[in-house]
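Below is one structure, written out as structure tokens; comments come after it.
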Amino acid sequence: MNPFNLFTVKNLSFLLLLSAVNPAFSQQDQVPASKNPFSEIHKGDVRRGNKAVRIMFYNVENLFDILNDSLTSDDEYTPTGMRGWTYNRLQRKINNISKVIIRLGGWEAPEIIGLCEVENRYVLSELTTGSALKNIGYKIIHRDSPDPRGIDVALLYLPDKFKPLSTKFIGIDFPSDTMSKTRDILLVEGVVLNRDTVDIFVNHWPSRFGGYLETIPKRKFVASVLKANVDSLQKINPMSKIIIMGDFNDESTDESVDQVLKAKRDSINLAPTDLYNMMTGAGTSWNRGTIKDKELWLTIDQFIVSASILQETGHLHATPHSAHILDAPFLLQDDDAWFGSKPFRTYYGPKYIGGFSDHLPIYLDLAY
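According to the working numbering, the sequence shown is numbered sequentially starting from 5.
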């Protein structure tokens, strides 16, 4: 069969979008006509088709609509609020996020996307149907959480690549502070490429606002809730394929992730029910992580998987080095205060600068 017959209109549309939103692709990464067009767009990227999926996670940093919600503390993200958050700024933010998704996808759009810091379904609908993603066909899983700022987690997916079977929003009730609220954990069970069933958790754990030491107990408690849900799945099926992603506001060596969730950083001699932190290799460089705190890069956005995903051949699987941080130049800006670079965010303090997010996105490749 002529391989060009496999090149669908949807693929072509996506590549045109990629070229349009990413000049670096059109000028530097363009594949010469003499090469196999399915070989690679840039290093490490191949056409996935029905042989692989790319899962993305992105903390999009305060994706609010412009309306004041009387039930949440979102006043600063309104036209008359401290941020001067207007419809034009919202649309620029949405267009920026769509550019990141398109750039990260490579030959095709990412099949599954976890997001956090989204206010509601409206901004998700604007992202999936009112931006460069409008012809891709993403579906949305979301509900409003009890977070006081009104920010939630969500999952986007391509229905021809991922078919949800069940959805559960896991609420967090802190025993020591019943008035304190935070984001739900989203659990979606689904079938990937009509073959393997996976359980996907999307997280956004409590922030360090108020002090790192003071907020450790809350993150440890959320970790215990997540671990209990993982244990329940593995009790039913020890070979469950579990994918955990999110902004944990802790690194792989912190207590919540290392000791409570028990996500291991060594891929040697793992039992199928062990959890392995895929960011062990992706975020160890001193000059790169997913967020920058003064001079320090931290990798608080992570993928964690059940070891069964690393061990089963012939099924959907990953290697210990299948997770990556997207640190494309357009997502960064010079760091005049602490040297090097830093994420190009939407606001610098109170000043609007029109960037993307204070986090860099991460992605995980799974293949047969």
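By construction, the Cβ of each residue, glycine as well, lies at the ideal position given by its N, Cα and C atoms.
Keep in mind the model is a prediction, meaning the values are calculated, not measured.
Euclidean distance between Cα positions of residue i and residue j
i      : j      : result
GLY353 : LEU217 : 24 Å
SER43  : TRP111 : The predicted model places SER43 with a pLDDT of 31, which falls under 50 and marks its position as unreliable, so this point remains unresolved.
LYS355 : ALA341 : 16 Å
LEU320 : PRO242 : 16 Å
LEU119 : PHE166 : 16 Å
ASN72  : LEU335 : 29 Å
ASN124 : THR76  : 12 Å
ASP164 : LYS298 : 42 Å
ASP203 : VAL50  : 25 Å
ILE106 : SER180 : 43 Å
ILE176 : ALA158 : 16 Å
TYR280 : LEU162 : 26 Å
THR82  : ASN139 : 29 Å
SER345 : PHE178 : 37 Å
ILE247 : THR84  : 41 Å
LEU414 : GLY134 : Since the first residue shown for the chain is 5 and the last is 372, residue 414 is missing from the structure and cannot be characterised.
SER271 : PHE360 : 33 Å
ARG96  : GLU80  : 18 Å
ALA327 : VAL309 : 11 Å
GLY318 : ASN54  : 14 Å
MET282 : TYR126 : 32 Å
PHE29  : THR182 : Low confidence applies here, because PHE29 scores a pLDDT of 37, under 50, leaving its location unreliable; read the following figure in that light. Roughly 50 Å between the two C-alpha positions.
VAL234 : ALA286 : 24 Å
ASN198 : LEU237 : 21 Å
HIS208 : ASN273 : 30 Å
Sub-8 Å separation of residue i and residue j beta-carbons
i      : j      : result
ILE59  : TYR367 : yes
LYS245 : ILE313 : yes
SER170 : ALA136 : no
ALA371 : ALA113 : no
VAL206 : MET249 : yes
ARG223 : SER260 : yes
THR219 : ARG212 : yes
GLY141 : PRO168 : no
GLU255 : LEU302 : yes
LYS266 : LYS231 : yes
ASP331 : ASN63  : no
PRO333 : LEU108 : no
ALA322 : ASP369 : yes
LEU67  : GLU115 : no
Contacting residues, own chain, Cβ-Cβ under 7 Å from residue i (five flanking each side not counted)
i      : result
LYS373 : Nothing in the structure corresponds to residue 373, since the chain is present only between 5 and 372.
LEU94  : ASP69 and ILE70
ASP362 : GLU65, ILE295, PRO347 and ARG349
PRO210 : THR186, THR219, LYS222, ARG223, VAL226 and ASN253
ARG153 : THR76, SER77 and ASP78
THR257 : none
ASP1   : A query on residue 1 cannot be resolved here, the shown segment of the chain reaching from 5 to 372 and no further.
ILE304 : ASP251, PHE252, ASN253, ASP254, GLU255, THR294 and ILE295
GLN315 : PRO276
ASP278 : LYS268 and ALA311
ASN291 : TRP301 and GLY344
Residue environment, residue i, which counts as buried when at least 16 other CB atoms sit within 10 Å
i      : result
ALA275 : exposed
GLY358 : exposed
LEU131 : buried
HIS146 : buried
MET86  : exposed
ILE329 : buried
GLY215 : exposed
ASN40  : Model confidence at ASN40 stands at a pLDDT of 31, short of 50, so the residue's coordinates are unreliable and nothing is read from them.
GLN263 : exposed
SER391 : Any question about residue 391 goes unanswered here, given that the chain covers just 5 to 372.
TYR351 : buried
PHE307 : buried
ALA37  : The predicted model places ALA37 with a pLDDT of 32, which falls under 50 and marks its position as unreliable, so this point remains unresolved.
HIS325 : exposed
THR151 : The amino acid at residue 151 is misidentified as Thr; the sequence shows Asp. With 16 or more other Cβ atoms within 10 Å, it is buried.
Residues near residue i in its chain [Cβ-Cβ closer than 6 Å; skip 5 each side]
i      : result
ILE117 : MET60 and LEU160
ARG52  : GLU112
SER149 : ASP156, ARG187 and ASP188
THR284 : ARG269
Sequence-distant residues of the same chain with beta carbon closer than 8 Å to residue i, five excluded per side
i      : result
GLY229 : A small correction: the amino acid at residue 229 is Val; Gly does not occupy that position in the sequence shown. The answer, listed in chain order, is ILE174, ILE176 and ILE189.
Neighbour flag for residue i against chain C, beta carbons, 8 Å
i      : result
PHE334 : No chain C appears in the structure shown, which is made up of a single protein chain.
* Evaluate the contact criterion for the region 101-121 versus the region 72-91: three or more CB pairs, one atom per stretch, below 8 Å. => no
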